[in-house]
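For the sequence shown, the residue numbers in numbering that gives the first Met the number 0 are 0 to 269. Take a look at the structure below.
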Amino acid sequence: MTTQSPKYFYTADSWDEAAWIDVISVEYESLVSAYPFDTKFRGISSEGRLKVLDVGCGSALFPQYLDQTLTDGIHLTCDLLDVSERSLRQAERVMEELEHFSAGRSIKTLIEDIPRALLPAVPSYDVIWAIHSLTTVDLKQMPDVIEHLLRLLSPGGHLFIYQLTADSAYQALHRVYRERVSTEVPRFMEFEDTQRILESLSAEYEVLELSFDHELPGGRPDLMENYLRKCVLDESVDTERVFGDLLPGFESGGLYRIPQTVNFISIYRS
Ligand SMILES: C[S@@+](CC[C@H](N)C(=O)[O-])C[C@H]1O[C@@H](n2cnc3c(N)ncnc32)[C@H](O)[C@@H]1O
């Protein structure tokens, strides 16, 4: 596996996170307002102190949104896991600024290697989440990874997965990218893959379906190019050539509205 692989996309210095966050913040805002995290955390630990594993933590964007919704007495000690050293350092810095979080261990590893890198221990995790991080993973290895994550939970704990669905524009754009640019690039993992795995494990889970639009101004091809490159995790693709014919379908009232569906799965460890 070379560092050109999409799973290393976020390790590059060229990654312009601020512009991207402007567009995608709706995904995190929608999630923290739709799911009762605070109540759920109090149900898992009456004292409100929880041990968490953040799988594919990136720059801890999700904790930043979640922090604002938590109430007094909740404290999450969060082990950070990512393949990107840069993201781990950034997430550690972010945690220092948050009211309800502190950083635990930083674990630099591929998600696919979790079954070998993290051995079940006592005490184990109250909550494990993988927020937008089960996308550029080797699908064949994911049944073992998910089964192992469930083993790392303490009884009564929860595994949360936030993941693109097959009919999200992210997935649609990536399918076009694979047809027109590179059939070698593996397809993204999607919610439906996780659902199949959970069914095969007879796991107990609930799904919250979330839909929203990413909005970009019309007449700014530079922003659209940047956005499309980030959606397909390729910083050099000629977006006009590959996606130009699709864009009119997203135009509405002087904006581009790109519909995304991302599902939140809550899996319970009995
Ligand atoms: C879209 S970002 C999401 C970050 C964070 N969870 C959030 O929501 O803000 C995906 C993160 O997962 C990491 N990642 C993607 N594929 C990975 C893999 N196969 N193994 C380890 N980390 C991976 C990337 O390095 C990146 O930091």
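All C-beta atoms in this analysis are idealised placements derived from N, C-alpha and C, irrespective of residue type, glycine included. No experiment lies behind these values; they were computed from the predicted model shown.
- Short note on His147: C-beta not closer than 7 Å to any heavy atom of ligand 1.
- Under the DSSP assignment, Arg268 falls outside any beta strand (DSSP E); it carries neither an H nor an E label.
- Glu189 and Trp128 have their C-alpha atoms some 16 Å from each other.
- Taking Phe36 as the centre and dropping the five residues before and after it, the same chain places the C-beta of Leu65, Thr68 and Leu69 closer than 8 Å to its C-beta, in chain order.
- The straight-line gap separating the alpha-carbon atoms of Met141 and Arg186 is approximately 14 Å.
- It is roughly 13 Å from the alpha-carbon of Arg177 to the alpha-carbon of Thr238.
- Remark: the shortest separation between the CB of Phe187 and any heavy atom of ligand 1 does not fall under 7 Å.
- Between ligand 1 and Thr193, a heavy atom-to-CB distance of less than 7 Å is absent.
- For Glu46, the secondary structure class from DSSP, reduced to helix, strand or coil, is coil.
- Taking 7 Å as the cut-off, one finds no heavy atom of ligand 1 near enough to the beta carbon of Val25.
- A Cβ-Cβ separation of about 15 Å leaves Val121 out of contact with Asp78 under the 8 Å criterion.
- Spanning the alpha carbons of Arg228 and Ala33 requires a straight line of approximately 29 Å.
- Straight across, the Cα-Cα distance linking Ile196 with Gln162 is about 14 Å.
- Around the Cβ of Ser58, a 10 Å sphere holds 16 or more other Cβ atoms; the residue is buried.
- In this structure, Asp125 sits away from Gly103, with a CB-CB distance that is not shorter than 8 Å.
- In the pairwise beta carbon analysis, the segment 142-151 is classified as not touching the segment 90-100: fewer than three pairs are separated by under 8 Å.
- The alpha-carbon separation between Leu152 and Glu234 amounts to approximately 37 Å.
- When C-alpha distances from Ile257 are compared across Gly47, Val25, His173 and Ala168, the shortest belongs to Ala168.
- Around the beta carbon of Ala18, fewer than 16 other beta carbons lie within 10 angstroms, which makes this residue exposed.
- The criterion of a C-beta distance shorter than 8 Å is not satisfied by Val241 and Arg174.
- Within 10 angstroms of the beta-carbon of Leu232 lie 16 or more other beta-carbons, which makes it buried.
- Here Leu245 is not near Leu215, since their CB atoms are 8 Å or more apart.
- When rounded, the separation of the alpha-carbon atoms in Pro119 and Phe211 is 37 Å.
- Remark: the C-beta of His131 is in contact range of ligand 1, defined as less than 7 Å to any heavy atom.
- DSSP places Phe100 inside the beta strand (DSSP E), whose first and last residues are Phe100 to Lys107.
- Remark: the C-beta of Asp143 is outside contact range of ligand 1, defined as less than 7 Å to any heavy atom.
- Comparing C-alpha distances from Val54 to each of Phe61, Glu205, Leu80 and Ser44 shows the shortest one belongs to Leu80.
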